[in-house]
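J.:
Numbering (my numbering), first residue to last: 4 to 94.
1) Return the residue from the list 43, 39, 73 that minimises the CA-CA distance to residue 26.
2) Give me the residue from 82, 34, 77 with the minimum Cα distance to residue 48.
3) Give me the Cβ distance between residue 50 and residue 75, rounded to the nearest whole Å; I'm assuming they're in contact under 8 Å.
4) When you compare only the Cα positions, how much space is there between residue 67 and residue 80?
5) Take residue 70 and list the residues in its own chain whose beta-carbon comes closer than 6 Å to its own, dropping the five residues that flank it on each side.
6) Can you grab the Cα-Cα spacing for the pair residue 65 / residue 43, in whole Å?
7) Would you kindly report the start and end of the unbroken beta strand (DSSP E) that includes residue 65?
8) In the DSSP assignment, find the beta strand (DSSP E) that holds residue 28 and state where it starts and stops.
9) Starting from residue 44, follow its DSSP beta bridges and name the residues at the other end.
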């Protein structure tokens, strides 16, 4: 019964409007300046984002670096988010 419920729930969810899948492989990354480095991918409400990247942990050179980014987003329905015009329309 639980399996049927999960299948029905998965079928009811619409696929994302935007999907980003990146697999990047780099032989060598050289860090020239000390400081904090980050890789951020953000989406709006209801988005799913996963980033897999190695930590430098003080190293100046990283070899055979693999970065994986998976992101899904949905575009909001414009009829649901309609704002009134800021100024009155001329007549």
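We treat Cβ as the ideally placed atom computed from N, Cα and C, and that holds for glycine.
Values in this document were obtained by computation on a predicted structure and should not be read as measured data.
T.: This is what the structure holds:
1) It is 73 whose Cα lies nearest to the Cα of residue 26.
2) Nearest of 82, 34, 77 to residue 48, Cα basis: 77.
3) For residue 50 against residue 75, the beta-carbon gap comes to about 6 Å, under 8 Å, which counts as contact.
4) Rounded to whole angstroms, residue 67 to residue 80 spans 42 Å at the Cα level.
5) Annotation for residue 70: 27, 56 place their beta carbon closer than 6 Å to its own, counting only its chain and skipping 5 residues before and after.
6) Rounded to the nearest angstrom, the two C-alpha atoms are 19 Å apart.
7) First-last of the beta strand (DSSP E) with residue 65: 64 to 76.
8) Here the beta strand (DSSP E) through residue 28 covers 21 to 33.
9) For residue 44, which the question treats as bridged, DSSP gives no partner whatsoever.
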